[in-house]
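Letter by letter, the sequence shown follows residues 3 to 430 of the numbering used here.
Glycine included, every Cβ here is placed at the ideal spot set by N, Cα and C.
All values reported here derive from a predicted model rather than from experimental measurement.
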Amino acid sequence: MGVRQSDGDPDGAQDLEAFRRRARSWLAEHAPSREGLGPGAGAEGAQGASYDVSVFHDLSFDDEKALIERVAGWHRQKIDAGFGALDWPREDGGVGLGPEFVEAFAAEETRFAVPPAHELVSVTVHLIAPTIGLVGTPEQRDRLLRTFLRAERLCCQLFSEPGAGSDLAALGTRAVRDGDGWVVNGQKVWSSGAQFAAWGMVLVRTDPDVPKHAGITAFLLPLDTPGVTVRPLRQMSGGTSFNEVFLDDVRIPDSLRLGAVGAGWKVALTTLGFEREATGGHSGVGGGWRQLAPLACALGRFDDPLVRQKLADVYISERLAEVASLREAAGRASGRPGGPEGSLRKLHWVRSLALASVAAEAVLGARLVADTGEWGTFAWTAHILGAPGYRIAGGSDEIQRTIIAERLLGLPSEERVDRNRPWREIPR
Ligand SMILES: Cc1cc2nc3c(=O)[nH]c(=O)nc-3n(C[C@H](O)[C@H](O)[C@H](O)COP(=O)(O)OP(=O)(O)OC[C@H]3O[C@@H](n4cnc5c(N)ncnc54)[C@H](O)[C@@H]3O)c2cc1C
């Protein structure tokens, strides 16, 4: 059984337009409309209200925990009402509809002031849950699939290491077999949300004597296991979205192995495939046209031709992303699998974030430099300082371009000199 594949609307009861109307009326009952909050503004964009265009949160531990609970709570509310997990099979707790219903609901949701996205909830629901759906054992599916799909427990991604980011397959965290389990030693880094997660999906090296891609195994790891230390990292935008995670003699039972021993690279590619599918869609982070246009009006900057040009760049980029996303949704609805096009979408999304930074600078000028308390001004530093992070997260711009070059344009592939050497022999 595949995960996240439509059951094809078995009752024939779900007409897209009727669904849209139902979604709109449910949303109207459960969330305030953005329209009521000011011209073109979101909840955060209404003059006098708090204003958040941050790409990464800069909150205290307790405030971020409360935010995550709010985001996960809204997610569960949608599932319980039949508007979440729309494209998941019914037997896994989904609705069994096609991606066009997901797009339709997301489009309706943008008209309402709903809780923002949170990376840890997105990773759990959109990356880890479907990976378990595809490669998990029946026991793992029973124990964790619905829990993660409903964001009742949260799971972070423990992939990157200080010496293995773009070249993830070079990772060196070691796992050694010990009876009915494994003993793990090593360090992970940039683990988003690990300080709030109950679980981690971890990639480890189980065989150093085969080429790097062949000796990796994936596990699900409860983060309260003795030997796991999570240390938040402070980033330039202020918050601590990600962490270092140290693993010292951590024991993982073999029953938490995800996929076969040595098949961890394939499992990782499954998760990364979902990541590429998810990134740049309705990510709900940072600011854009919706906040910039009313801000430029409020500050009397909308008629400046240079400002208008920058705003137009943002508007065009966002509309192009919408068109591309509709084209992809149509492709998926007609059975075309997602693929390297996800890299194009991610690059485009990151570019839109950068264009919004440029436009914010043009609109705000010196107002960006100091926090004067003026509505909607200094807050943009959180967008400008955060946006570059997504040039790196989930595969850097350069790596996305390599994927596009090799897999979409058919250009010759990059030289990979260590491909067939045992991992142990690769200089590092
Ligand atoms: C906001 C954020 C959240 C993250 N969340 C997580 C998470 O939850 N879990 C997790 O495991 N990791 C996470 N990461 C880590 C992320 O996946 C890595 O940072 C990323 O893969 C790049 O790896 P690196 O940082 O080691 O940089 P490197 O791989 O060292 O790259 C450094 C520079 O060299 C360039 N480069 C490297 N190789 C090539 C090449 N072959 N060709 C051309 N250029 C190249 C890169 O593009 C980059 O500009 C996160 C990162 C960020 C920024």
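### Message
Can you tell me whether I394 sits near ligand 1, meaning its C-beta is under 6 Å from at least one heavy atom of the ligand?
### Response
To locate residue 394, count along the sequence shown from 1; it is residue 392. Checking every heavy atom of ligand 1 against the Cβ of I394, one is found closer than 6 Å.
### Query
Which residues mark the beginning and the end of the beta strand (DSSP E) in which E246 is found?
Taking the first residue of the sequence shown as 1, we reach residue 246 at position 244. Counting along the chain, the beta strand (DSSP E) containing E246 begins and ends at 244-255.
### Same chain only: Cβ atoms within 8 Å of P12, ignoring 5 sequence neighbours per side
The sequence position of residue 12 within the sequence shown is 10, counting from 1. Low confidence applies here, because P12 scores a pLDDT of 46, under 50, leaving its location unreliable; read the following figure in that light. Here the set comprises G98.
### Task
Below 7 Å CB to CB, which residues in the same chain sit around G42 once its five sequence neighbours on both sides are set aside?
For the purposes of this step, residue 42 is taken as residue 40 along the sequence shown, with counting starting at 1. Summary for G42: the model assigns pLDDT 39, below 50, so the residue's position carries little reliability; its value from the coordinates is reported in the next sentence. Excluding five sequence positions before and after G42, the CB atoms of its chain that fall closer than 7 Å to its own CB belong to R292, A295, P296, given in chain order.
### Query
What is the DSSP secondary structure of V263, counted as helix, strand or coil?
Taking the first residue of the sequence shown as position 1, residue 263 is located at position 261. V263: coil per DSSP, three-state reduction.
### Contact test: A400 Cβ vs ligand 1 heavy atom, cutoff 6 Å
Along the sequence shown, read from residue 1 onward, the residue named residue 400 stands at position 398. Rather than Ala, the amino acid found at residue 400 in this sequence is Glu. Yes, Cβ of E400 sits closer than 6 Å to a heavy atom of ligand 1.
### Boundaries of the alpha helix (DSSP H) in which K190 is found, first to last residue
Mapped onto the sequence shown, residue 190 falls at position 188. Membership of K190 in any alpha helix (DSSP H) is not indicated; the residue belongs instead to the beta strand (DSSP E) covering 183-194.
### Query
Who are the Cβ neighbours of L88 in its own chain at under 8 Å, not counting the five residues just before and after it?
The sequence position of residue 88 within the sequence shown is 86, counting from 1. Cβ neighbours of L88 beyond the five flanking positions: G96, V97, L99, F103, V104, F107.
### Query
Mind checking if I254 is an interface residue toward chain C, Cβ cutoff 7 Å exclusive?
Of the protein chains in this structure there is only one, and it is not chain C.
### Message
So, at 6 Å on beta carbons, what are the nonlocal neighbours of H2 in its own chain, with the 5 sequence-adjacent residues on each side left out?
### Response
Nothing in the structure corresponds to residue 2, since the chain is present only between 3 and 430.
### Task
Sort G388, E363, L249, R393 by Cα distance to T379 and report the nearest one.
For the purposes of this step, residue 379 is identified with residue 377 of the sequence shown, where counting begins at 1. Residue E363 is the option with its Cα nearest to T379.
### Query
Just the Cα atoms here: how many angstroms apart are R409 and G229?
Taking the first residue of the sequence shown as position 1, residue 409 is located at position 407. Taking the first residue of the sequence shown as position 1, residue 229 is located at position 227. Answer to the nearest angstrom: the Cα atoms are 41 Å apart.
### F161 versus T112, V123, G266, residue with shortest Cα-Cα distance
By one-based count along the sequence shown, residue 161 stands at place 159. Comparing Cα positions, the closest option is G266.
### Query
Regarding S193 and ligand 1, is the C-beta to nearest heavy atom distance less than 6 Å?
If you number the sequence shown from 1, residue 193 lands on position 191. At least one heavy atom of ligand 1 is nearer than 6 Å to the Cβ of S193, so yes.
#### Entry: 4 or more residues per run - each alpha helix (DSSP H) lying fully within the stretch 123-178
131-137, 148-151
### Query
Quick one, are the C-beta atoms of L173 and F221 less than 7 Å apart?
The residue given as residue 173 occupies position 171 in the sequence shown. The residue given as residue 221 occupies position 219 in the sequence shown. Cβ atoms of L173 and F221: not closer than 7 Å.
### Task
Could you tell me if I134 is buried or exposed, where buried requires 16 or more neighbouring beta carbons within 10 angstroms of its beta carbon?
Position 132 of the sequence shown, counting from 1, holds the residue named residue 134. I134 comes out buried.
### Task
Go ahead and pull the three-state DSSP assignment for G388.
Counting from one through the sequence shown, the residue named residue 388 turns up at place 386. In this structure, G388 counts as helix in the three-state DSSP scheme.
### Query
Contact check, E111 vs L29 under 8 Å by CB: the rounded distance?
Working through the sequence shown from its first residue, we reach residue 111 at position 109. Working through the sequence shown from its first residue, we reach residue 29 at position 27. About 6 Å separates the two Cβ atoms, so the contact holds.
### Message
Tell me which residue opens and which closes the beta strand (DSSP E) that V204 is part of.
### Response
Here residue 204 is taken as the residue at index 202 of the sequence shown, counted from 1. Here the beta strand (DSSP E) through V204 covers 201-207.
### Query
Based on the DSSP output, what are the partners of R230 in its beta bridges?
In the sequence shown, residue 230 corresponds to position 228, counting from 1. Residue identity check: residue 230 is Val in the sequence provided, not Arg. V230 is bridged to L249.
### Task
Give me whichever residues DSSP pairs with I218 in a beta bridge.
Within the sequence shown, residue 218 is the residue found at index 216, counting from 1. According to DSSP, I218 bridges with R207.
### Task
Could you name the residues that DSSP lists as bridge partners for V180?
Taking the first residue of the sequence shown as 1, we reach residue 180 at position 178. This sequence places Asp at residue 180; Val is not what is there. Looking at the DSSP assignment, D180 forms a beta bridge with G183.
### Message
Can you tell me whether L223 is helix, strand or coil according to DSSP?
### Response
Here residue 223 refers to the residue found at position 221 when the sequence shown is read from its first residue. If DSSP states are grouped into helix, strand and coil, L223 belongs with the strands.
### Query
In chain order, what residues of the same chain have a beta carbon less than 7 Å from the beta carbon of R393, not counting five sequence neighbours either side?
If you number the sequence shown from 1, residue 393 lands on position 391. Excluding positions up to five away in sequence, the list reads V352, D399.
### Task
Measuring alpha carbon to alpha carbon, tell me which of G289, S239, R22, V365 ends up nearest C299.
Taking the first residue of the sequence shown as position 1, residue 299 is located at position 297. For the residues G289, S239, R22, V365, the minimum Cα distance to C299 belongs to V365.
### Query
Going by the beta-carbon positions, is the gap between W192 and F244 smaller than 7 Å?
Locating residue 192 in the sequence shown gives position 190, counting from the first residue. Locating residue 244 in the sequence shown gives position 242, counting from the first residue. Against a cut-off of 7 Å, the Cβ pair of F244 and W192 comes out as a contact.
### Task
Could you name the residues of the same chain whose beta carbon sits closer than 6 Å to that of V178, not counting the 5 residues immediately before and after it, in chain order?
Reading the sequence shown from its first residue, position 176 is the one you call residue 178. Only V185 meet the Cβ criterion.
### Message
Can you tell me which residues form a DSSP beta bridge with F114?
### Response
As a working mapping, residue 114 is identified with position 112 in the sequence shown. For F114, which the question treats as bridged, DSSP gives the partners S35.
### Query
Is P414 helix, strand or coil when you go by DSSP?
Here residue 414 refers to the residue found at position 412 when the sequence shown is read from its first residue. It is coil, neither helix nor strand.
### Query
What is the rounded straight-line gap between the Cα of G388 and the Cα of L357?
Here the question's residue 388 lines up with position 386 in the sequence shown. Here the question's residue 357 lines up with position 355 in the sequence shown. G388 and L357: Cα-Cα distance of roughly 13 Å.
### Task
Keeping to the same chain, check which residues put their C-beta closer than 8 Å to that of L411; ignore five residues upstream and five downstream.
Here residue 411 corresponds to residue number 409 of the sequence shown, with the count starting at 1. So no residue of the chain qualifies.
### Query
From this set, R155, G288, A262, which residue's C-alpha is nearest S359's C-alpha?
Residue numbering aside, residue 359 sits at position 357 when the sequence shown is read from its first letter. Among R155, G288, A262, the Cα nearest to that of S359 belongs to G288.
### Proximal residues to I401 (C-beta, below 7 Å), its chain only, five neighbours per side dropped
As a first step, residue 401 must be located in the sequence shown, where it is residue number 399. The residues are S168.
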